[in-house]
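Just so we're aligned: 148 in our numbering is position 120 of the first sequence, and the numbers increase by one with no gaps anywhere. Glycine included, every Cβ here is placed at the ideal spot set by N, Cα and C. Read through the structure below, which is laid out as structure tokens, and then see the notes.
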Amino acid sequence: MGKLYFYNTLGREKDLFMPLSNGKVLVYTCGPTVYHYAHIGNLRAFVFADILNNTLKQNGYTVKHQINITDVGHLVSDDDDGEDKMEKGSLREGKSVWEIAELYTQAFFEDLLDLNIDKDKFIWTKATDYIPEQIEMVKALEEKGYTYKTEDGIYFDTSKFPKYTELANIDIEGLQKGKRIADDKNEKRNKTDFALWKFSPKNEKRQMEWDSPWGIGFPGWHIECSSMSRAVLGEHIDIHTGGIDLIPVHHTNEIAQSEASLEDGHRFVNYWMHVNFLNADKEKMSKSSGDFLRLLSIKEKNISPLSYRYLLLMTHYRKELKFSWESLDAADNAYQKLIKKFKAIVENGKERVSLNELSFEANNYKEAFENAMNDDLNTSMALAKMWSLINDKNISDKEKHTLILYFDKYLGLNLSHEKNKV
RNA sequence: GGUGCGAUGGCGAAGUGGCUCAACGCUGCGGUUUGCAAAACCGCCAUUCGCGGGUUCGAAUCCCGCUCGCACCUCCA
Numbered sequence: 029m030g031k032l033y034f035y036n037t038l039g040r041e042k043d044l045f046m047p048l049s050n051g052k053v054l055v056y057t058c059g060p061t062v063y064h065y066a067h068i069g070n071l072r073a074f075v076f077a078d079i080l081n082n083t084l085k086q087n088g089y090t091v092k093h094q095i096n097i098t099d100v101g102h103l104v105s106d107d108d109d110g111e112d113k114m115e116k117g118s119l120r121e122g123k124s125v126w127e128i129a130e131l132y133t134q135a136f137f138e139d140l141l142d143l144n145i146d147k148d149k150f151i152w153t154k155a156t157d158y159i160p161e162q163i164e165m166v167k168a169l170e171e172k173g174y175t176y177k178t179e180d181g182i183y184f185d186t187s188k189f190p191k192y193t194e195l196a197n198i199d200i201e202g203l204q205k206g207k208r209i210a211d212d213k214n215e216k217r218n219k220t221d222f223a224l225w226k227f228s229p230k231n232e233k234r235q236m237e238w239d240s241p242w243g244i245g246f247p248g249w250h251i252e253c254s255s256m257s258r259a260v261l262g263e264h265i266d267i268h269t270g271g272i273d274l275i276p277v278h279h280t281n282e283i284a285q286s287e288a289s290l291e292d293g294h295r296f297v298n299y300w301m302h303v304n305f306l307n308a309d310k311e312k313m314s315k316s317s318g319d320f321l322r323l324l325s326i327k328e329k330n331i332s333p334l335s336y337r338y339l340l341l342m343t344h345y346r347k348e349l350k351f352s353w354e355s356l357d358a359a360d361n362a363y364q365k366l367i368k369k370f371k372a373i374v375e376n377g378k379e380r381v382s383l384n385e386l387s388f389e390a391n392n393y394k395e396a397f398e399n400a401m402n403d404d405l406n407t408s409m410a411l412a413k414m415w416s417l418i419n420d421k422n423i424s425d426k427e428k429h430t431l432i433l434y435f436d437k438y439l440g441l442n443l444s445h446e447k448n449k450v
């Protein structure tokens with residue numbers, strides 16, 4: 029097992045990775061919401077999760093990696109009578125909310141397949157399959173005195189959890205009025221308090237609603253990750269990943285729920301890893317429906333989705349990526365060239381050598397590549413090492429063949445198969 | 001208002017004190033090859049790392065100040 033260093037959002041520095049139990053790593057990734065198609069920005073988080081998963085495995089760990097699917101609708105923010113996004117989608121498309129969830133879940137899985145992400149590596153859990161667990165957790169929090177009831181739901185009292193600001197470094201006083209916290213009409217005690225259970229609106233039948241000790245309703249949107257991760261991975265997990273936007277609200281709330289319901293002082297998560305955003309050149313990557321770039325848009329331009337994956341690997345995951353068609357073209361050129369070069373290498377060096385009988389020089393490339401990946405998943409550096417290897421005339425094609433296939437176990441660029449268009 | 005991130009060649013991007021007077025890829029340019037072209041191959045393309053100071057034998061890398069840009073806090077990852 030090599031030495032892995034990960035940048036931890038909690039503490040904001042690169043730490044040596046030490047798993048909770050020997051040889052086994054528990055990972056949780058915040059997954060998609062399934063009332064719309066994923067745009068390519070969403071997908072960045074899952075390519076990252078995939079690379080992380082690969083790297084852990086290459087380092088000899090057994091990885092148990094869970095991703096949730098948010099199929100419960102939650103209220104559209106601002107106004108009180110805001111519609112639920114699932115229900116809204118249902119209305120829009122004339123399908124039941126369950127059909128909506130299924131439709132977009134399948135579309136999401138297709139995107140993963142296109143990106144060479146084997147979905148079977150992960151344990152997928154749907155929020156609607158874990159309603160009893162979510163209710164249990166809310167009950168536990170209630171028993172410990174962390175909750176209170178208002179007209180529209182059961183809320184978590186964040187003032188009772190002193191470490192609340194730890195992850196995001198939130199200045200509660202500084203939170204501006206008029207933003208999400210402004211709805212003082214719903215009797216929230218603190219600006220940062222959030223719903224654990226929401227009551228169904230009176231005189232209205234929702235398509236998704238469940239009975240609970242507090243009345244008919246549906247879970248708050250943070251509780252699903254806390255309770256599902258506990259159900260599948262246990263109370264303590266090694267690594268939790270997600271988009272950078274989840275830090276201040278969602279992950280902060282997750283920590284509060286999970287740790288408040290544990291014994292004092294126990295950490296819910298040891299390493300928090302956050303993927304930066306991909307932003308479009310001109311238009312902002314759209315948040316809700318509307319126009320946004322799908323993987324399909326890339327395919328329609330006859331560009332391989334794996335070229336998009338290559339583009340993602342060109343930049344470090346913690347760095348913002350500005351998407352443009354120019355940069356995707358550059359990535360596509362590089363990726364297609366890589367495939368060609370690799371094919372030529374395979375033809376000249378058909379039989380491979382074993383990884384432990386590499387020449388000294390070839391082994392240097394192996395180590396340089398591993399070091400790059402193990403240093404907080406520096407894929408950009410790793411790609412550079414791969415190119416240097418390809419261009420090195422002193423290494424035999426047999427060894428190159430061996431090494432590139434090995435590298436691709438980390439990178440997942442599907443270099444060994446023929447499904448790529450050339 | 002709060003929080004966080006960033007500024008490196010035409011573009012993307014690595015590099016956190018000496019092995020980098022700056023990797024790797026894309027583009028471009030010159031050449032070899034070719035009937036021409038494409039492809040392939042060979043070669044070239046930042047004395048410089050936003051600006052101004054400072055620390056040091058030595059800084060893109062550390063410190064101070066400044067300028068500019070971006071993101072999140074509105075259920076986008």
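When LYS149, SER424, ALA410 and ASP425 are compared against ASP436, the one with the closest alpha-carbon: The shortest Cα separation from ASP436 among LYS149, SER424, ALA410 and ASP425 belongs to ALA410.
Limits of the alpha helix (DSSP H) - the one that GLU171 falls within: 159-171 is the span of the alpha helix (DSSP H), which, as asked, contains GLU171.
Residues of its chain near LEU38, where Cβ-Cβ distance is below 6 Å and the 5 sequence neighbours each way are ignored: The residues are LEU195 and TRP300.
Cβ neighbours of GLU161 in the same chain (closer than 6 Å, five flanking residues each side left out): Excluding positions up to five away in sequence, the list reads SER255 and ALA259.
With 16 other Cβ atoms within 10 Å as the buried cut-off, status of GLY318: For GLY318, the pLDDT reaches just 45, beneath the cut-off of 50, and the residue's location in the model is therefore unreliable, although a value from the coordinates is still provided. GLY318 should be labelled exposed.
Own chain partners of MET401 with C-beta closer than 6 Å, once the 5 adjacent residues on each side are dropped: Hits under 6 Å: THR83, ALA410 and TYR438.
Expected contact under 8 Å - CB spacing of ASP99 and THR156 to nearest Å: Confirmed, Cβ separation roughly 5 Å.
Length-filtered (3 minimum) beta strand (DSSP E) runs lying within the segment 253-323: Fully enclosed beta strand (DSSP E) runs of 3 or longer: 265-271, 297-303 and 306-308.
Buried versus exposed call for GLN94 [16 or more other C-beta atoms within 10 Å across all chains shown]: With at least 16 other beta carbons inside 10 angstroms of its own, GLN94 counts as buried.
DSSP-derived helix/strand/coil call for HIS93: If DSSP states are grouped into helix, strand and coil, HIS93 belongs with the strands.
Cross-strand partners of GLU41 (DSSP beta bridge): DSSP output for GLU41 lists ASN36 as bridge partner(s).
Sequence-distant residues of its chain with Cβ nearer than 6 Å to TYR434 (five each side left out): Cβ within range, chain order: n/a, list empty.
Alpha-carbon spacing of SER124 relative to TYR132, whole angstroms: Rounded to whole angstroms, SER124 to TYR132 spans 13 Å at the Cα level.
Separation of PRO333 from ASP180, as counted between CA atoms: Taking the straight line from one Cα to the other gives about 44 Å.
Helix, strand or coil at SER49 according to DSSP, with G and I counted as helix: Reduced to three states, the DSSP call for SER49 is strand.
Inter-residue spacing [alpha-carbon to alpha-carbon] between LEU443 and ILE79: One C-alpha to the other measures close to 15 Å.
DSSP state of PRO247 mapped onto helix, strand, coil: DSSP, reduced to helix, strand and coil, places PRO247 within a strand of the structure shown.
Close Cβ partners of GLU237 (< 8 Å) along its chain, the five nearest in sequence each way excluded: Here the set comprises SER228, ILE244, GLY245 and PHE246.
Integer-rounded CB distance, given that ASN96 should sit under 8 Å from CYS253: About 6 Å; that satisfies the 8 Å criterion.
DSSP three-state assignment for TYR176, whether helix, strand or coil: DSSP places TYR176 in strand when its eight states are reduced to three.
Beta-carbon gap between TYR363 and SER335 smaller than 7 Å: Contact flag set, yes.
Contact belief for PHE305 with GLY271 at Cβ below 8 Å, rounded distance in angstroms: Going by Cβ atoms, the distance from PHE305 to GLY271 rounds to 7 Å, so yes, they are a contact pair.
For ILE128, the nearest candidate out of MET114, LEU141, PHE137 and PRO60 (CA to CA): Taking only the C-alpha atoms, the option nearest ILE128 is MET114.
Residue burial classification, GLN285 (beta-carbon count within 10 angstroms, cutoff 16): Around the Cβ of GLN285, a 10 Å sphere holds 16 or more other Cβ atoms; the residue is buried.
Proximal residues to VAL62 (C-beta, below 7 Å), its chain only, five neighbours per side dropped: Excluding sequence neighbours, VAL62 sits near ILE97, THR98, ASP99, ALA129, TYR132, THR133 and PHE136.
GLY377 beta carbon less than 7 Å from that of ASP425: A contact, by the Cβ cut-off of 7 Å.
8 Å contact criterion, which ASP112 and GLY122 should meet: CB distance rounded: In this structure ASP112 is not in contact with GLY122, their Cβ atoms being roughly 16 Å apart against a cut-off of 8 Å.
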